[in-house]
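Here the structure comes first, spelled out in structure tokens, and everything after it is commentary.
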Amino acid sequence: MRKPVIAGNWKMYKTLEESLSFLESCIPSCREY
């Protein structure tokens with residue numbers, strides 16, 4: 343079975359701090375994968 347891939351291009355619209363905060367909020371939802 344293939345593993346799902348989550349990709350995006352938010353880097354152009356967020357600062358480094360905003361991007362890190364966004365990823366930290368997404369990680370708990372992705373842990374099962």
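For the sequence shown, counting from 1, position 7 maps to 349 in our numbering; every step adds exactly one. For glycine and all other residues, C-beta sits at the position ideal for the given N, C-alpha and C. Every value quoted in this text rests on a predicted model; they were computed, and no experiment measured them.
Could you tell me the alpha carbon to alpha carbon distance between residue i and residue j, rounded to whole angstroms?
i, j, result
"K356", "E374", "26 Å"
"E366", "K345", "20 Å"
"S363", "G350", "15 Å"
"I348", "L358", "19 Å"
Counting along the chain, where does the alpha helix (DSSP H) carrying residue i start and finish?
i, result
"I369", "358 to 372"
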